[in-house]
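Right, one structure below, let's go through it.
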Amino acid sequence: MDTYDDGTEDGAIGSSSSEKRQRSADGEERSDEDDGETAAKKKLRLSKEQSAVLEESFREHNTLNPKQKLVLAKKLNLKPRQVEVWFQNRRARTKLKQTEVDCELLKKCCKNLTEENRRLQRELVELRSLKRSPHLFMQVPATTLTLCPTCETARQRRPQIRS
DNA sequence: GATAGGTGGCCAGTTACATCA
DNA sequence: AGTGATGTAACTGGCCACCTA
């Protein structure tokens, strides 16, 4: 296993679990990696350059190993924890987007199936009415009576019923 | 070898804040 | 200037995998 005792400035590496355990253990809320500069640092927006580099890195690999995280953090002058959080949030956004895309796809699919179902229902009604008047049924061109592969197979397997 | 405890990573959900219309 | 909507940085708790004593 990798160890993170490599002197990260604020010990933010691997903070997600150890820090949360620490927080829950002593009841400390929102310590925000208290390293002296208390309260001064609220949430800050990442710069466009930082975001761009993170995006580029995310395109290459959407997860980071500890080493990559450190390198990236150093490069961007961020804390490793910030990089880690950014990747987590980015993965969540990607997943959400993909879910939306999938949802749209399923809606389209549903619409198509509904239309197809209506069409088949109409066809069924038509065929039933034809069946009720056999003289018309026999006049129906063969092309009108083509069956889908499943039905065709079933029809062929069906034992011939003699009247 | 089985087991408990520690650690770190990821995820889903939430909160807090910045920005914009 | 005030405000609601939206985006996102950061947090929280839970779960899992791995390591070690």
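Each residue of the first sequence is one higher than the last, beginning at 1 in UniProt numbering.
Glycine included, each C-beta is placed from N, C-alpha and C at the ideal position.
All figures in this text were calculated on a predicted structure; none of them were measured in a lab.
Please classify residue i: does DSSP put it in a helix, a strand, or coil?
i, result
"Lys69", "helix"
"Arg122", "helix"
"Leu127", "helix"
"Arg45", "coil"
"Thr153", "helix"
Can you tell me the Cβ-Cβ gap for residue i and residue j, rounded? I've got them flagged as a contact below 8 Å.
i, j, result
"Phe87", "Leu64", "6 Å"
"Val85", "Ala73", "Their Cβ separation, rounded to whole angstroms, is 11 Å, which puts Val85 and Ala73 out of contact at 8 Å."
"Arg81", "Asn62", "Not quite, the Cβ-Cβ distance comes to about 18 Å (not below 8 Å), so this is no contact."
"Leu78", "Gln50", "7 Å"
"Leu76", "Val101", "Between Val101 and Leu76 the Cβ distance is about 29 Å, and since that is not below 8 Å, they are no contact."
Exposed or buried, what is residue i when buried is set at 16 or more other beta-carbons lying within 10 Å of its beta-carbon?
i, result
"Ser47", "exposed"
"Ser129", "exposed"
"Ser133", "exposed"
Only counting runs of 4 or more residues, tell me where the alpha helix (DSSP H) segments fall wholly within the stretch 51 to 98, in order along the chain. With a minimum length of 4 residues, the continuous alpha helix (DSSP H) runs that stay inside the stretch 51 to 98 are 66 to 76.
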